[in-house]
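Notes follow the structure.
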Amino acid sequence: MTHPVAIIGVGWSGFRPVTPDVSYKELIYEAAVRAYADAGVDPRRDVDSFVTVSEDFHEGTSIFDEYVPDQIGGAQRPVHTITGDGLHGLAAAVMQILTGRFRVVVVEGHSKASNILTLPHITAYALDPILNRPLQVNPLAVAALEACRYMHESGATREQCGAVVTKNRRNALRNPAAAYGADLRTEDVLASEVVASPLARLEISDHADGAIVIVLADAETARRLSPHPAWIRGIGWANDSPSLESRCWARAVYAERAAAMAYKMAGIGNPVEEIQFAEVDDTYAYKELQHLEALGLCAQGRAGPLTREGATAPDGCLPVNVSGGSLGVGHLLEASGLARVLEVVLQLRGHAGSRQLGDVYTGLAQSWRGVPTTSGAVAVLSNQLGGRES
Amino acid sequence: MTQRIASYPGTALSEEDIERGHVLSVHDQLRADYAWDAGLAIGLYLDGLKAGVILGVRCRRCDRTVVPPRAFCEQCFAPMDAFVPLADVGIVNTFSLCYVTWDVKRIVEPLIPAVIDLDGTSPPAGIMHLLGGVVPDRVHIGMRVRAVWKPARARQGAITDIRYFKPLRRG
Numbered sequence: 001m002t003h004p005v006a007i008i009g010v011g012w013s014g015f016r017p018v019t020p021d022v023s024y025k026e027l028i029y030e031a032a033v034r035a036y037a038d039a040g041v042d043p044r045r046d047v048d049s050f051v052t053v054s055e056d057f058h059e060g061t062s063i064f065d066e067y068v069p070d071q072i073g074g075a076q077r078p079v080h081t082i083t084g085d086g087l088h089g090l091a092a093a094v095m096q097i098l099t100g101r102f103r104v105v106v107v108e109g110h111s112k113a114s115n116i117l118t119l120p121h122i123t124a125y126a127l128d129p130i131l132n133r134p135l136q137v138n139p140l141a142v143a144a145l146e147a148c149r150y151m152h153e154s155g156a157t158r159e160q161c162g163a164v165v166t167k168n169r170r171n172a173l174r175n176p177a178a179a180y181g182a183d184l185r186t187e188d189v190l191a192s193e194v195v196a197s198p199l200a201r202l203e204i205s206d207h208a209d210g211a212i213v214i215v216l217a218d219a220e221t222a223r224r225l226s227p228h229p230a231w232i233r234g235i236g237w238a239n240d241s242p243s244l245e246s247r248c249w250a251r252a253v254y255a256e257r258a259a260a261m262a263y264k265m266a267g268i269g270n271p272v273e274e275i276q277f278a279e280v281d282d283t284y285a286y287k288e289l290q291h292l293e294a295l296g297l298c299a300q301g302r303a304g305p306l307t308r309e310g311a312t313a314p315d316g317c318l319p320v321n322v323s324g325g326s327l328g329v330g331h332l333l334e335a336s337g338l339a340r341v342l343e344v345v346l347q348l349r350g351h352a353g354s355r356q357l358g359d360v361y362t363g364l365a366q367s368w369r370g371v372p373t374t375s376g377a378v379a380v381l382s383n384q385l386g387g388r389e390s
Numbered sequence: 001m002t003q004r005i006a007s008y009p010g011t012a013l014s015e016e017d018i019e020r021g022h023v024l025s026v027h028d029q030l031r032a033d034y035a036w037d038a039g040l041a042i043g044l045y046l047d048g049l050k051a052g053v054i055l056g057v058r059c060r061r062c063d064r065t066v067v068p069p070r071a072f073c074e075q076c077f078a079p080m081d082a083f084v085p086l087a088d089v090g091i092v093n094t095f096s097l098c099y100v101t102w103d104v105k106r107i108v109e110p111l112i113p114a115v116i117d118l119d120g121t122s123p124p125a126g127i128m129h130l131l132g133g134v135v136p137d138r139v140h141i142g143m144r145v146r147a148v149w150k151p152a153r154a155r156q157g158a159i160t161d162i163r164y165f166k167p168l169r170r171g
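Sequence order for the protein chains is A and B. Straight run, no breaks: the first sequence in this note's numbering ends on number 390. Straight run, no breaks: the second sequence in this note's numbering ends on number 171.
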């Protein structure tokens, strides 16, 4: 990347199953104040543009982008909202900086999932109204159908999916921000009620409330302001053919394409060698396995066995979701991708507390927009430009 | 029909099919239920309305008082926690005589939405409400108005605890 972009500030509030004490604006404000203090910027003076991510039906307000500026310091400033995951917002911010017209750009994502009393109904409304919705199938079944085909083709087992759950929820015990840390056994996961086969209750992430704000800057500004910039070496996003009738049910094609785009930008030829740790989407336990394979971090069909062997544990050769992932942190709706980025940044800075990995310099964050989408994004971050040597 | 075509395929539409909505459109009801957390600032505001008080908040840094109260200043980004009771009197900043309801029905007596700059606040900090007890043609920018409250028992901690604002002098 000729004109690199770095993350120079991160802030978050939450993550908790409910947040009755604050409005979404107050929740976001807390995260924003932290991020600006962390970056050493005044949003009213130093930030050139703001990007937020949200989905109107999740907020209960049409044209929700009109409700975002005040609490991030963006009143009377350039602000726009993307109806996508936080990593899509991050990509937009990177592009704005690459134009040369913006030096400091902010990305915001949040979840007030506890305020949505009928979330399954909202999600069901994402299904095609003519071809799919009349069948009145819970949208969770879309994930179940994919899990079924993925496990059939890859050979992944329910025990291996269970191992993802126990690992991530145990990892969350070391993350003070995580909502769902727990010490479970694989048998506990397998014994939980089947919701839509092959998915059992404990393989499905619960939602949490929270907000995440990330401050990005061009190279010159980043070097001036930040003692520990996290360089965005590559970023990519992609969709599969999304209809239920035309998509690939076994592989996460969107993640394969998004990763290819990010790796190309980062100049990464062999991700297994160059990516030291990853934060990937684990909305459902099988998704972590499917995504690891799509990202080329292991061979097809190998993610399950590697997980069972402990290779993706914090002390393994490829730590995955040290934060706890969505299973351990809680699913944060559109902010989920930013939660993955947040952990990569903290790890690269050496600020991850008792879950800090030793000697890491390159990490990957990946997001998926949830059922019924085939939409995802990937970012590769390093604490050194041009790899370890520079 | 024509010489070559004895009958067209398909089912003929009737007027009744259209009237009853069997064709051309689909009716659906999305269940979208929300329980928004009002939060500290708006929570206090709604509590105040229930008690018959309009609460504003003061930004010490910007030296201005705004309503409805908020937990932070959108101008200087400092936190705000100096909540202050305001008089329920102010002037009309802008208004409209609205002859259609929110669900697009024609009405003869207009609804009068107005933005009211309450005494003691710093513009722009007008609250959106309704005018009442006034001859529509007499409404004007700068008109002084006072809140007409629901009886204390009927108040719920909602913006509708104020029924409307009416002119201080006979309109």
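Glycine residues also receive a C-beta, built at the ideal position from the N, C-alpha and C atoms. A quick note: this is a predicted structure, and the numbers were derived from the prediction, not measured.
Residue range of the alpha helix (DSSP H) that includes residue i
i	result
K25 (chain A)	24-39
G336 (chain A)	The displayed chain sequence assigns Ser, not Gly, to residue 336 (chain A). Element bounds for S336 (chain A): 336-349.
M151 (chain A)	140-154
L364 (chain A)	First-last for L364 (chain A): 362-368, but that is the beta strand (DSSP E), not the alpha helix (DSSP H).
A291 (chain A)	The sequence given here places His at residue 291 (chain A); Ala does not occur at that position. Looking at the DSSP string, the run of the alpha helix (DSSP H) that includes H291 (chain A) is 285-294.
T312 (chain A)	Premise fails: T312 (chain A) is in no alpha helix (DSSP H) and is neither H nor E.
T123 (chain A)	119-124
G89 (chain A)	86-98
V189 (chain A)	186-191
T221 (chain A)	219-225
Rounded separation between residue i and residue j - CA only
i	j	result
A30 (chain B)	V137 (chain A)	Note on identity: in this sequence residue 30 (chain B) is Leu, with Ala being the wrong assignment. Their Cα atoms are separated by approximately 15 angstroms.
P314 (chain A)	S49 (chain A)	36 angstroms
V79 (chain A)	R64 (chain B)	25 angstroms
V189 (chain A)	E203 (chain A)	7 angstroms
V345 (chain A)	H351 (chain A)	8 angstroms
R388 (chain A)	V378 (chain A)	Residue placement at R388 (chain A) is poorly supported in this model, since its pLDDT is 45, which falls under 50; the coordinates still yield a value, given next. Rounded to whole angstroms, R388 (chain A) to V378 (chain A) spans 21 angstroms at the Cα level.
A152 (chain B)	I162 (chain B)	10 angstroms
T312 (chain A)	A262 (chain A)	22 angstroms
W102 (chain B)	I112 (chain B)	12 angstroms
G14 (chain A)	R34 (chain A)	12 angstroms
P79 (chain B)	H121 (chain A)	37 angstroms
L87 (chain A)	V100 (chain B)	43 angstroms
G155 (chain A)	A71 (chain B)	53 angstroms
A126 (chain A)	E55 (chain A)	11 angstroms
G171 (chain B)	M128 (chain B)	With a pLDDT of 46 at G171 (chain B), under the threshold of 50, the predicted position of this residue should be treated as unreliable, though the coordinate-derived value follows. Taking the straight line from one Cα to the other gives about 20 angstroms.
G267 (chain A)	S382 (chain A)	12 angstroms
K112 (chain A)	A339 (chain A)	15 angstroms
For residue i, the residue or residues it bridges with in DSSP
i	result
V66 (chain B)	B:V57
A114 (chain B)	B:F95, B:H129
E108 (chain A)	A:T52, A:V213
R144 (chain B)	B:I91
P79 (chain B)	B:F72
G181 (chain A)	Partner(s): none; G181 (chain A) has no beta bridge.
Residue i versus the options, residue with shortest Cα-Cα distance
i	options	result
A230 (chain A)	A:V94, A:G325, A:A255, A:Q160	A:V94
A259 (chain A)	A:G363, A:L140, A:F64	A:G363
G140 (chain A)	A:L173, A:R101, A:D206, A:N115	Note that residue 140 (chain A) is Leu in the sequence shown here, rather than Gly. When only C-alpha atoms are compared, the closest one is A:D206.
E146 (chain A)	A:S336, A:G267, A:F15, A:S243	A:S243
V26 (chain B)	B:D103, B:I18, B:D33	B:I18
T186 (chain A)	A:V164, A:R233, A:A172	A:V164
E273 (chain A)	A:A178, A:L318, A:R251	A:L318
N115 (chain A)	A:S354, A:L333, A:S367, A:L348	A:L333
D65 (chain A)	A:A37, A:T283, A:H110, A:I235	A:H110
T221 (chain A)	A:A32, A:D21, A:D46, A:V10	A:D46
R349 (chain A)	A:R340, A:Y361, A:P43	A:Y361
Limits of the unbroken beta strand (DSSP E) element including residue i
i	result
S13 (chain A)	5-16
E279 (chain A)	277-279
V378 (chain A)	375-382
G162 (chain A)	Element bounds for G162 (chain A): not the beta strand (DSSP E) but the alpha helix (DSSP H), 158-172.
Y182 (chain B)	Residue 182 (chain B) lies beyond the residue range present for chain B, which begins at 1 and ends at 171; the question has no answer from this structure.
G236 (chain A)	230-239
A196 (chain A)	194-196
D42 (chain B)	Reading the sequence as shown, one finds Ile at residue 42 (chain B) and not Asp. Here I42 (chain B) belongs to no beta strand (DSSP E); instead the alpha helix (DSSP H) covers 39-50.
Got a sec: which bits of the stretch 57-79 of chain A sit with their beta carbon under 7 angstroms from any beta carbon on chain B, in order along the chain?
-> F57, G60, D70, Q71, G73, A75
Which residues, in order along the stretch 87-114 of chain B, keep a beta-carbon less than 7 angstroms from a beta-carbon of chain A?
-> none
Between the stretch 30-44 of chain B and chain A, which residues of the former have CB atoms less than 9 angstroms from a CB of the latter, in chain order?
-> L30, R31, A32, D33, Y34, A35, W36, D37, A38, G39, L40, A41, I42, G43
When Cβ atoms are compared, which residues of the stretch 76-87 of chain B fall closer than 7 angstroms to chain A?
-> C76, F77
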